[in-house]
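Right, one structure below, let's go through it.
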Amino acid sequence: MLFLKEMKKCCFHAVYLLFVCLLLFEWHGNFYGVTEKEIATAKNSEDSRQAGQINGFALQKPQEGAAYYGSKSEDAPDKIMAGAADHLLIEYRANSYATYPFGYYKEIRLDQTGQKGILAILTELTGLTENELQNLPGDYFPAANGVIFHTGAGVMEPDGSYVLEPNAKEEVAEPSDDYRQHFIPQVSYERFWELMGKAEDTIGTGSYYSKEMLEAYFGLGEMSYEEAVEEYKKTIYDDKITGAFARLFCDYMTRPVSLYAVCIAAAVCLMDQRHRMRELAGSKRIRTIKWVGTRFAAMLALVLLPVALLSLESWIPLMAYAKESGLAADQGAFLKYILWWLLPSAMEALALGMLLTEWTGTPAAIAVQGVWWFLDTGMTRLSGDVKPFTLMIRHNTLNGSELVHKNFAMLCINRGILVTGALLLLALTCAVYEKRETEYGGVRMRCEMAWDCYNGFGVAAAGATEEGLGGAAISLLRYHNPAS
Amino acid sequence: MEIRIKDLGKSYGTHRVFDHISLSMGTGMYGLLGKNGAGKTTLMRILATLLEPDTGSVTMNGVDIRDKRKIRGMVGYLPQDFSMYPNMRVAEAMDYLGVLAELPRGVRRERVSVLLREVNLDSERNRRIKELSGGMKRRFGIAQALLNDPEVLIADEPTAGLDPEERVRFGNLLASYARDRIVLLSTHIVNDIEVNCERLAVLDGGSILFQGRASDLRKLAEGKVFRAEAAPEEFEWIKRRHKVIHMQQHGNRTTCRFLCEQAPEETYIPCTPTVEDAYIRLLQTGEGACEHAVS
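Residue numbers (this note's numbering), protein chains in the order written: chain A, 3 to 486; chain B, 1477 to 1771.
Below, the structure written as structure tokens:
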């Protein structure tokens, strides 16, 4: 009964309605229509895969002899070194280096010494002089060099689309070729990483020249037919269709849930304080743990309810597609991933919101959670990057179920830490709630106590100056107990 | 039913609200008088288990105040300055507080209906809390405090902000509940106590100045209250020497009522003291009497 009453109270709160709107906005901008598109592509017998396309063929069975089967990450030293040199040269010429400290873009401009350092790296890597580097042949680097495309003239297609022609066919020059005409690394792979380390030191944290970034952006290779079939089988049989979509759905939902949920907790607790509910409710028989726990559960249900409803937009067509295609689908995949990936993050955000709001009497929790969310967003890669204190599980692809298997233990540890942390925060909220004295509550009480301590130390210090430690003790005693 | 308070002490940081106070209360209406900031609300909040005392003990019918759940089942509390979710409707708010009081559904529904009728809010049951007048809010307060049919009803400044008619109605309402339970009424309006309470305690400067019957408090001021009709110069002289309780201007003469410890000049007329006179004298002199010593 209390659970329903708490839910009713929260669900008409302006902050909750705003949360639902923001959730809808995020969902509509990122995930809405993805499932329909995948199903439509899968139903289309003609293979319409294109290079650079990330989504659109998770459900489509690869057809042998197709021009392209998708991309994959691989440790290809030649490609990585070519991409790194190409990118570093572009940035050196413009003296504009992109960095992503904490995941957010920041442009770096180097002074003369820094530019000289980068030039030295490029010279050693390519074996070319500064003058030669400034006047490279058009096809020195491969036309498709990782994420860099050296384009030539454009061609207007009959359907109205405009296609850019590459300067040259994608290729990595043979070692026997002239290093002045085509990029041929002049250093070993080990020395290359040392040089990239120097570049990273010169430019700053989060540049393109860290191992992770270079591998992610330039260590891309094309999938073979067999690999594409293997990937398809993983989606159809391992993930049972819905699992892949549930992961991507949760990836998009985890960001608003982990951030905005804290606002709901703060708003509800502040509403209690504003209306001085502590006076009426605190004198009632209900146990604090029951009241706080029920309120927490009600808010959690309200946070996850719209998420669960939004998942139906993907779940319903997927189930219909599975039935049509005679494939087995995991009916509970969305629910499983919501409970496994989103629930702990939402629990943590709500518990932190309740604790800090009850403790300080201010919406400080929003700032604290915001900082954590911001740092977590910046420091966590888009897929398969889980650490013990990662707030949000990212998996920004329909593929990659192997990443979940690979990181399963860490995922469990991480979610376990968040759930345990949330329960601890909740227990602390109960303790704060029990101890909270409304009249002198919140920040005011703590400020007075801090001021009191400060004064006490001042008095003690004065006593110590005059009569040593004994004097300090007596002064402090007299200060806190004037009668003594 | 009995409340026993022994050697109770409470401080906020270095500010001592009260120290070693002892009180005993039985069934009936009991008044707690004191200036603003005397510690009445703190004492009430301790009795309502919203605050924990630093020292001393409180028992209600032998149940220690630290057994919060049991005490909360026995106590109904009407805070001085309470509020409720403004958009909730009266009956809905009562039901919500009934859930917090852990009343079973059937009992809750019945109690809500009965209490809203008793406090004359039945016709307002579907009005939002924010639409209630000050008097209605106070009546809502008393109704919610009685939800669990408490043995002890604690009302902190319940008549503050009410018009005279509402104050009388409210006092009578509280008095009607005092037949078979303890109703503890805290106020700084002496008249409320004088009209409704048989026994009272006066709290000042962190200690109990007086506890006993209202008539005994009045006796303490016998022979100490006088009336005079004075010219301006004489009135100024009275004001300098005595504590003036009331004054009324009649042209250039002032009729005043004042406290005087020793019999003054014969021109001043002795008056029968009221509880208010005695209370003011008590605060001025600090000379009180404590009827019961809690052992």
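All residues carry an ideal CB built from backbone N, CA and C; glycine is no exception.
C-beta neighbour in chain B for residue i, strict 8 angstroms
i: Arg249 (chain A); result: no
i: Met3 (chain A); result: yes
i: Glu281 (chain A); result: yes
i: Trp293 (chain A); result: yes
i: Lys236 (chain A); result: no
i: Lys11 (chain A); result: yes
i: Thr213 (chain A); result: Residue identity differs from the one stated: residue 213 (chain A) is Lys in this sequence, not Thr. So no, Lys213 (chain A) is outside the interface.
i: Lys7 (chain A); result: yes
Neighbourhood of residue i by C-beta distance below 7 angstroms, restricted to the same chain and skipping five residues each side
i: Glu38 (chain A); result: Pro319
i: Leu306 (chain A); result: Ile340, Leu344, Leu345, Ala348
i: Met1560 (chain B); result: Ala1569, Ile1605
i: Glu76 (chain A); result: Gly221, Gly223
i: Val421 (chain A); result: Pro346, Met349
i: Ala1651 (chain B); result: Met1505, Asn1672
i: Ser98 (chain A); result: Glu109, Arg111
Reduced DSSP secondary structure (H/G/I, E/B, other) of residue i
i: Gly1637 (chain B); result: coil
i: Ala300 (chain A); result: helix
i: Thr1663 (chain B); result: strand
i: Asn401 (chain A); result: coil
i: Ser190 (chain A); result: coil
i: Glu1698 (chain B); result: coil
i: Tyr494 (chain A); result: Since the first residue shown for chain A is 3 and the last is 486, residue 494 (chain A) is missing from the structure and cannot be characterised.
i: Ser385 (chain A); result: strand
i: Ile266 (chain A); result: helix
i: Pro390 (chain A); result: coil
i: Tyr1488 (chain B); result: strand
i: Ile395 (chain A); result: coil
i: Arg111 (chain A); result: coil
i: Lys1482 (chain B); result: strand
i: Asp274 (chain A); result: helix
i: Lys286 (chain A); result: coil
i: Glu202 (chain A); result: helix
Residues that residue i contacts on chain B, provided the C-beta gap is smaller than 8 angstroms
i: Ala269 (chain A); result: Residues of chain B passing the Cβ test: none, with the nearest at roughly 13 angstroms.
i: Arg278 (chain A); result: Pro1555, Asp1557, Phe1558, Ser1559
i: Lys45 (chain A); result: By Cβ distance, chain B contributes nothing, its closest Cβ being about 50 angstroms from Lys45 (chain A), past 8 angstroms.
Proximity test, residue i beta-carbon vs the ligand MG heavy atom, cut-off 7 angstroms
i: Leu1527 (chain B); result: Looking at this structure, you won't find the ligand MG or any other ligand, since it has none at all.
Residue i at chain A interface by Cβ criterion, 8 angstroms
i: Met1536 (chain B); result: no
i: Tyr1653 (chain B); result: no
i: Glu1578 (chain B); result: yes
i: Leu1509 (chain B); result: no
i: Arg1545 (chain B); result: yes
i: Gln1724 (chain B); result: no
Neighbouring residues, chain A, relative to residue i (Cβ below 9 angstroms)
i: Asn1624 (chain B); result: Lys286, Arg287
i: Gly1549 (chain B); result: Arg287
Same chain only: Cβ atoms within 6 angstroms of residue i, ignoring 5 sequence neighbours per side
i: Phe220 (chain A); result: Lys81, Ile82, Gly85, Gly148
i: Gln333 (chain A); result: none
i: Leu1523 (chain B); result: Ile1630
i: Arg297 (chain A); result: Glu8
i: Leu1591 (chain B); result: Ala1619, Leu1622
Partners in chain C for residue i, counting only beta-carbon separations shorter than 9 angstroms
i: Thr1525 (chain B); result: Within the model displayed, chain C is absent; protein chains A and B are what it includes.
Under 8 angstroms by beta carbon: chain A residues contacting residue i
i: Ala1573 (chain B); result: It should be noted that the sequence gives Leu, not Ala, for residue 1573 (chain B). In chain order: Leu282, Ala283, Lys286.
i: Pro1562 (chain B); result: His277
Same chain only: Cβ atoms within 8 angstroms of residue i, ignoring 5 sequence neighbours per side
i: Ala452 (chain A); result: Residue placement at Ala452 (chain A) cannot be trusted, given a pLDDT of 49 that sits under 50; what the coordinates show is reported in the next sentence. Cβ within range, chain order: n/a, list empty.
i: Ser1512 (chain B); result: According to the sequence as given, residue 1512 (chain B) is Asn; it is not Ser. The residues are His1664.
i: Phe1646 (chain B); result: Gly1611, Arg1614, Arg1615, Ile1618, Pro1634, Thr1635, Leu1638
i: Tyr107 (chain A); result: Ala100, Thr101
Beta-carbon neighbours of residue i, restricted to chain A and to distances below 7 angstroms
i: Gln1620 (chain B); result: Leu282
If you scan the segment 26 to 103 of chain A from start to end, which runs of the beta strand (DSSP E) of 3 or more residues do you find wholly inside it? 73 to 75, 99 to 101
Beta strand (DSSP E) segments (min. 3 residues) lying fully within the segment 1560 to 1641 of chain B: 1628 to 1632
Would you list, in sequence order, the uninterrupted alpha helix (DSSP H) runs of no fewer than 4 residues that lie entirely inside the segment 1493 to 1552 of chain B? 1516 to 1523, 1544 to 1550
Which runs of the beta strand (DSSP E) spanning at least 3 residues fall entirely within the segment 316 to 384 of chain A, listed in chain order? none
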